[in-house]
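Everything in the sequence shown is counted per our numbering, starting at 5 for the first residue and increasing by one.
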Amino acid sequence: MNKWLQHLRGDRYTRNENLTYLFAWILVFSLPWIAGLYSTKGLEYRHALRGSINMLPYLAIFLLNNIVLMRYLFVPGRKAAYFASVLAVLVAVWAGINPPPPPPFITHASVEFADRMFHTINVVRAACVIFANIAIKMYFVSHRKDIEMLKVRNGQMQSELESLKYQINPHFLMNTLNNIQSLIEVDPAKAYDTIQELSRMMRYVLYDNSGQMVPLSREIEVMKNFIALMRIRYPEHVVISFAYPEDTGTMQVPPLLLITFVENAFKHGISYKGESMVAIDIQIKGERLFFRCMNSNPGRKPQKPGGIGLENVKRRLALIYGKNYKLDIEDGETRYLVELEL
Numbered sequence: 005m006n007k008w009l010q011h012l013r014g015d016r017y018t019r020n021e022n023l024t025y026l027f028a029w030i031l032v033f034s035l036p037w038i039a040g041l042y043s044t045k046g047l048e049y050r051h052a053l054r055g056s057i058n059m060l061p062y063l064a065i066f067l068l069n070n071i072v073l074m075r076y077l078f079v080p081g082r083k084a085a086y087f088a089s090v091l092a093v094l095v096a097v098w099a100g101i102n103p104p105p106p107p108p109f110i111t112h113a114s115v116e117f118a119d120r121m122f123h124t125i126n127v128v129r130a131a132c133v134i135f136a137n138i139a140i141k142m143y144f145v146s147h148r149k150d151i152e153m154l155k156v157r158n159g160q161m162q163s164e165l166e167s168l169k170y171q172i173n174p175h176f177l178m179n180t181l182n183n184i185q186s187l188i189e190v191d192p193a194k195a196y197d198t199i200q201e202l203s204r205m206m207r208y209v210l211y212d213n214s215g216q217m218v219p220l221s222r223e224i225e226v227m228k229n230f231i232a233l234m235r236i237r238y239p240e241h242v243v244i245s246f247a248y249p250e251d252t253g254t255m256q257v258p259p260l261l262l263i264t265f266v267e268n269a270f271k272h273g274i275s276y277k278g279e280s281m282v283a284i285d286i287q288i289k290g291e292r293l294f295f296r297c298m299n300s301n302p303g304r305k306p307q308k309p310g311g312i313g314l315e316n317v318k319r320r321l322a323l324i325y326g327k328n329y330k331l332d333i334e335d336g337e338t339r340y341l342v343e344l345e346l
């Protein structure tokens, strides 16, 4: 009994399905009473009650089909047995529900015709109940499968996003530590300030970016810290500019997305033999974000695509935004330009 009640309660989809059946049967049993209210003779309780009682056999057919036949036979490999059982139920309806006695003045031919119509109507009603039951159940089964498949896909997508993000983080950390090492060798007096900047960056990388999206202001703050480190490391021959809006509103971006382009600009755009340039510009227009990062490409051949950082960024963009973003990369002889619109 407890197992049966547990089956009726079920999960959210089963509960919604059972509520649909409940409301449908409340409506069916209410129809004789509703019809009586609009009758020219007014509501006759005896006729309305008889009409509701006449629905009881169909309720029994529904319960038999929904709880027993569909549960145990409407499954792969048993569909033939199920439809054979449904046919047996319809035959039982034809034979088991008898019409009321005819008035004495009705002819024999009329009685036979009335009997056939009575049995036919009962079988059609029973068939409608059964196939409506099948249609409703199939709808909820299909809906449940769609939701479960969506959850699986979302789970896989989230797992892939986390994997991509944590593939980027070690790459980011490695380059940053190399920068710190170089800085300490160049100017040990500035090491303390540098370590503080690094500490703030690492706190963000390790703890503050666990969500799928973060405020743009936080990402800008991390870029400012990173650029501050780069200004110390390259004090003379690198021209660095960073333009960004003071008020970013509620704009959000995926964590460590934009800084990957900035890191790439310093990695590939700096020359120790001559002047170099890195220019970063962030603008907000309406609900769209425009990011532009340009660096010099002195004396270098066009960079080969496929670096782990940029490839992971492209994959993250595709997973998060689908087709609702625009990324243009221009890899020329003298400059490397990234333009991103979100």
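Think of the CB as a built atom: it goes at the ideal place given N, C-alpha and C, for glycine as much as any other residue.
Rounded separation between residue i and residue j - CA only
i: residue 229; j: residue 258; result: 18 Å
i: residue 252; j: residue 185; result: 33 Å
i: residue 287; j: residue 301; result: 24 Å
i: residue 218; j: residue 318; result: 18 Å
i: residue 97; j: residue 147; result: 32 Å
i: residue 220; j: residue 343; result: 17 Å
i: residue 266; j: residue 249; result: 17 Å
i: residue 340; j: residue 316; result: 18 Å
i: residue 4; j: residue 24; result: Outside the modelled stretch of the chain, which goes from 5 to 346, sits residue 4, for which no answer is possible.
i: residue 151; j: residue 143; result: 12 Å
i: residue 235; j: residue 199; result: 14 Å
i: residue 314; j: residue 345; result: 16 Å
i: residue 78; j: residue 33; result: 27 Å
i: residue 74; j: residue 254; result: 51 Å
i: residue 203; j: residue 182; result: 15 Å
i: residue 86; j: residue 41; result: 40 Å
i: residue 124; j: residue 18; result: 33 Å
i: residue 31; j: residue 72; result: 23 Å
i: residue 417; j: residue 126; result: Since the first residue of the chain shown is 5 and the last is 346, residue 417 is not available in this structure.
i: residue 134; j: residue 149; result: 22 Å
Buried/exposed call for residue i, threshold 16 Cβ in 10 Å
i: residue 76; result: exposed
i: residue 325; result: exposed
i: residue 21; result: buried
i: residue 330; result: exposed
i: residue 295; result: buried
i: residue 49; result: exposed
i: residue 1; result: Given a span of 5 to 346 for the chain in the structure shown, any question on residue 1 remains unanswerable.
i: residue 70; result: buried
i: residue 172; result: At residue 172, the pLDDT of 49 sits below 50, so the modelled position is not reliable and the matter cannot be decided from this model.
i: residue 65; result: buried
i: residue 327; result: exposed
i: residue 26; result: exposed
Check: residue i C-beta below 7 Å from any heavy atom of the ligand NAD
i: residue 93; result: For the structure depicted, the ligand NAD is absent and the ligand set is empty, with no information on it obtainable.
Contact set for residue i: own chain, Cβ-Cβ below 7 Å, skip 5 residues either direction
i: residue 129; result: 62
i: residue 55; result: 36
When the options are compared against residue i, the one with the closest alpha-carbon
i: residue 242; options: 273, 326, 192; result: 273
i: residue 132; options: 94, 284, 314; result: 94
i: residue 38; options: 52, 90, 293; result: 52
i: residue 28; options: 73, 125, 136; result: 136
i: residue 260; options: 320, 149, 123; result: 320
i: residue 292; options: 256, 189, 322; result: 256
i: residue 90; options: 68, 81, 123, 182; result: 68
i: residue 280; options: 338, 289, 232; result: 338
i: residue 268; options: 289, 120, 323, 333; result: 333
Cutoff 8 Å; reference residue i; Cβ partners in own chain excluding five residues on either side
i: residue 263; result: 176, 223, 226, 227, 230
i: residue 82; result: 76
Whole-Å CB distance - residue i paired with residue j, under 8 Å assumed
i: residue 284; j: residue 246; result: 5 Å
Cβ shell of residue i (< 6 Å), same chain only, five flanking positions each side left out
i: residue 299; result: 269, 273, 282, 340
i: residue 290; result: none
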